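Engineer: Chains as they are written, first to last, in this note's numbering: chain A, 1 to 110; chain B, 1001 to 1246.
Idealized CB from N, CA, C, for every residue including glycine.
As the structure is a prediction and not an experimental result, all values here were calculated from the model.
Before anything else, here's the structure in question.
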């Protein structure tokens, strides 16, 4: 996620990373990573989840990389939510295909 | 073949194609319209699929069951033969004929690895048998089979995202600096390489039909990256580009 500040509130962190902040920790699907309690600390949470924090000095812009704490791209087999667009710019949520098997094919014009 | 799959199993399986392309609809439209797909054809202009699913190359395929569980994580795969616009198919055929006439097979290393012809059969098997299919992985196995990711891969993705924002804002040098870091930290993340090379190659070609496939420097071109498509794929052993997972 891109952010101009590391003073990220819970809602922005959840929307940007797909991780939910709950009493038991940062959670995605059935996986919860304990955070040690206390007030939400976005930097400590990112570190706990193995999210790299990279700064562009000139722009004063930060990027939080994806989680890596378990050494794999997927922390859980529960498919993450992804909001995509169709050719007309309409939003399509991957979760809207629940109830059917999905074969997601990533391609590109390059 | 994609439409065959849909005809055979369309009531239980949905093929969704997603174009992972920074330039979004403008760059993808021609290909989508040429293929005239019956299935949903979507756009990921923020490269979320790499971060969320561990997509590292195209084509990469992810299988998700009815309950929303990943049963095969991102891997090289083909739901059927690729569908190209006619002009591109013609160029590819010409190149292949030239290589053959010269006694060379420059695509050998790229064609090795995952079996292109039987991948769709595995999808069919899963469509018919569901969790009983030998190709459907348990949740733990699906997580374990997803792409390796450590600090370097996370930082590479963060640099890519920053670079993409700077590129859109017109800060080319700033974008290139981040993408060079992405490529250094995650040399096997091919979409991050191909996307960056393609944006620069396309620009140098002044767009046009073939511009996005020019992923190497032209004569006397100032090329802002340490690698390019020909050099980087030329250094691979057979099977490394599309690793065999089935």
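#1: Kindly provide the ranges of any beta strand (DSSP E) runs that are 3 or more residues long and lie completely inside the region 1050–1099 of chain B, ordered along the chain.
#2: Between the C-alpha atoms of residue 1024 of chain B and residue 1231 of chain B, what's the straight-line distance to the nearest angstrom?
#3: If we ignore side chains and look at the alpha-carbon of each, how far apart do residue 93 of chain A and residue 28 of chain A end up?
#4: Does the contact criterion of 3 or more C-beta pairs under 8 Å hold for the region 1053–1066 of chain B versus the region 1176–1191 of chain B?
#5: Mind listing, in chain order, the continuous beta strand (DSSP E) runs of no fewer than 3 residues lying wholly within the region 20–103 of chain A?
#6: Check whether the region 1125–1133 of chain B touches the region 1153–1162 of chain B, counting contact only when three or more Cβ pairs, one atom from each stretch, lie closer than 8 Å.
#7: Per DSSP, what kind of secondary structure is residue 1214 of chain B in: helix, strand or coil?
#8: Tell me, please, whether the CB atom of residue 1151 of chain B is closer than 9 Å to any CB atom in chain A?
#9: Would you report the Cα separation of residue 1200 of chain B and residue 1027 of chain B, rounded to the nearest angstrom?
#10: Would residue 1183 of chain B and residue 1166 of chain B be called neighbours here (beta carbons separated by less than 9 Å)?
#11: Quick one, are the C-beta atoms of residue 1216 of chain B and residue 1229 of chain B less than 9 Å apart?
#12: In the DSSP assignment, the beta strand (DSSP E) including residue 1043 of chain B goes from what residue to what residue?
#13: At least one CB of chain B closer than 9 Å to the CB of residue 42 of chain A: is that the case?
#14: Evaluate the contact criterion for the region 1136–1147 of chain B versus the region 1059–1075 of chain B: three or more CB pairs, one atom per stretch, below 8 Å.
#15: Kindly say whether residue 22 of chain A, judged by its beta-carbon, lies nearer than 9 Å to any beta-carbon of chain B.
#16: Counting along the chain, where does the alpha helix (DSSP H) carrying residue 1134 of chain B start and finish?
#17: Report yes or no: is there a C-beta of chain A within less than 9 Å of the C-beta of residue 1087 of chain B?
#18: Give a yes or no on contact between the region 51–65 of chain A and the region 1034–1046 of chain B, applying the rule of three or more CB pairs nearer than 8 Å.
Structural biologist: The answer reads as follows:
#1: The region 1050–1099 of chain B contains these whole beta strand (DSSP E) runs: 1060–1064 and 1070–1076.
#2: Stepping through the second chain from its first residue, residue 1024 of chain B is reached at position 24. Stepping through the second chain from its first residue, residue 1231 of chain B is reached at position 231. Distance between the alpha carbons of residue 1024 of chain B and residue 1231 of chain B: 27 Å.
#3: Position 93 of the first chain, counted from the first residue, corresponds to residue 93 of chain A. Position 28 of the first chain, counted from the first residue, corresponds to residue 28 of chain A. Straight-line spacing of the CA atoms in residue 93 of chain A and residue 28 of chain A works out to 17 Å.
#4: In this structure the region 1053–1066 of chain B lies against the region 1176–1191 of chain B, because at least three pairs of beta carbons, one per stretch, are closer than 8 Å.
#5: Runs found: 20–22, 25–28, 31–33, 53–56, 61–64, 83–85 and 91–93.
#6: A contact is defined here as three or more CB-CB pairs under 8 Å, and the region 1125–1133 of chain B fails this definition with respect to the region 1153–1162 of chain B.
#7: One-based indexing of the second chain puts residue 1214 of chain B at position 214. Coil at residue 1214 of chain B, not helix or strand.
#8: Counting from one through the second chain, the residue named residue 1151 of chain B turns up at place 151. Yes - at least one Cβ of chain A is within 9 Å of the one on residue 1151 of chain B.
#9: For the purposes of this step, residue 1200 of chain B is identified with residue 200 of the second chain, where counting begins at 1. For the purposes of this step, residue 1027 of chain B is identified with residue 27 of the second chain, where counting begins at 1. C-alpha of residue 1200 of chain B to C-alpha of residue 1027 of chain B: approximately 14 Å in a straight line.
#10: To locate residue 1183 of chain B, count along the second chain from 1; it is residue 183. To locate residue 1166 of chain B, count along the second chain from 1; it is residue 166. Not a contact, by the Cβ cut-off of 9 Å.
#11: Indexing the second chain from 1 puts residue 1216 of chain B at position 216. Indexing the second chain from 1 puts residue 1229 of chain B at position 229. Their beta carbons are under 9 Å apart, which means residue 1216 of chain B touches residue 1229 of chain B by this criterion.
#12: The residue given as residue 1043 of chain B occupies position 43 in the second chain. For residue 1043 of chain B, the enclosing beta strand (DSSP E) covers residues 1041–1044.
#13: For the purposes of this step, residue 42 of chain A is identified with residue 42 of the first chain, where counting begins at 1. With 9 Å as the cut-off, residue 42 of chain A does not count as an interface residue toward chain B.
#14: Flag = yes, the region 1136–1147 of chain B and the region 1059–1075 of chain B touch.
#15: Position 22 of the first chain holds residue 22 of chain A. Judged by the 9 Å Cβ criterion, residue 22 of chain A is not in contact with chain B.
#16: The residue labelled residue 1134 of chain B in the question sits at position 134 within the second chain. Per DSSP, residue 1134 of chain B lies in no alpha helix (DSSP H) segment and is marked neither H nor E.
#17: Looking up residue 1087 of chain B in the second chain gives position 87. Contacts with chain A at 9 Å (Cβ-Cβ) do not include residue 1087 of chain B.
#18: Using a C-beta cut-off of 8 Å, the region 51–65 of chain A makes no contact with the region 1034–1046 of chain B, since fewer than three inter-stretch Cβ pairs fall below that distance.
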